[in-house]
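> Note that the sequence shown covers residues 18 to 147 in this note's numbering. Could you have a look at this structure, given as structure tokens, before my questions?
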Amino acid sequence: MQRHGGCLCGQIRYSVSTEPRVHYCHCAMCRRATGSAYAVLCWVDRTAVSWAGAAPAMRRSSPLASRSFCDECGTPIALLYDGSAEIALHGGTFDDPNTFRPTYNYGGNRRLDWVCDGMDLPDYPITERW
Ligand SMILES: [Zn+2]
Ligand SMILES: [Zn+2]
Numbered sequence: 018m019q020r021h022g023g024c025l026c027g028q029i030r031y032s033v034s035t036e037p038r039v040h041y042c043h044c045a046m047c048r049r050a051t052g053s054a055y056a057v058l059c060w061v062d063r064t065a066v067s068w069a070g071a072a073p074a075m076r077r078s079s080p081l082a083s084r085s086f087c088d089e090c091g092t093p094i095a096l097l098y099d100g101s102a103e104i105a106l107h108g109g110t111f112d113d114p115n116t117f118r119p120t121y122n123y124g125g126n127r128r129l130d131w132v133c134d135g136m137d138l139p140d141y142p143i144t145e146r147w
């Protein structure tokens, strides 16, 4: 199934040719980077993503990773760990996020007290350190 997505203003458009591995991320970095209570990360191989139009802007967000965004409207687009073959697209940027489901939590012990999404899903501890 081919999925499509993009930013709020439409400058960034992408399509994904493989099935994403989707999870909730409750880490403080994703919380700040998205400005939301948690991130919904959709992991695919970098080669499975085709970009149409402008390439997303990229900034280093930690010693381990960079994050891409639309430099026109500011929409956060993706998380990329250094040296990884994968890219994590933000779930809310897909045109139809109902075509996939988060299947686990990452860092559930840091879930905000008032967040109740994904409580029934498996949980894995955060392993990134620097
Ligand atoms: Zn935009
Ligand atoms: Zn995270």
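Even glycine gets a Cβ: it sits at the ideal position worked out from N, Cα and C. For clarity, every value in this text was computed on a predicted model and none was experimentally measured.
1. Quick one: is residue 77 buried, meaning 16 or more other Cβ sit within 10 Å of its Cβ, or exposed?
2. Can you have a look at residue 141 and say buried or exposed, based on whether 16 or more other CB atoms are within 10 angstroms of its CB?
3. Return the CA-CA distance between residue 61 and residue 89, expressed in angstroms with no decimal places.
4. Tell me whether residue 42 is buried or exposed, calling it buried when 16 or more other Cβ atoms sit within 10 Å of its Cβ.
5. DSSP beta-bridge partners for residue 43?
6. Assuming residue 120 and residue 138 make a contact with CB atoms under 8 Å, what is their CB distance in whole Å?
7. So is the beta-carbon of residue 106 under 7 Å away from any non-hydrogen atom of ligand 1?
8. For residue 46, which of 133, 130, 134 and 123 has the nearest alpha-carbon?
9. Any heavy atom of ligand 2 inside 7 Å of the beta-carbon of residue 56?
10. May I have the straight-line CA-CA distance separating residue 64 from residue 136, to the nearest angstrom?
Taking the definition as stated:
1. exposed
2. Using a 10 angstroms sphere on the CB of residue 141, the tally of other CB atoms stays under 16, which defines it as exposed.
3. 25 Å
4. buried
5. Residue 43 pairs with nothing; no bridge assigned.
6. The distance from the Cβ of residue 120 to that of residue 138 is about 6 Å, consistent with a contact at the 8 Å cut-off.
7. no
8. 123
9. yes
10. 32 Å
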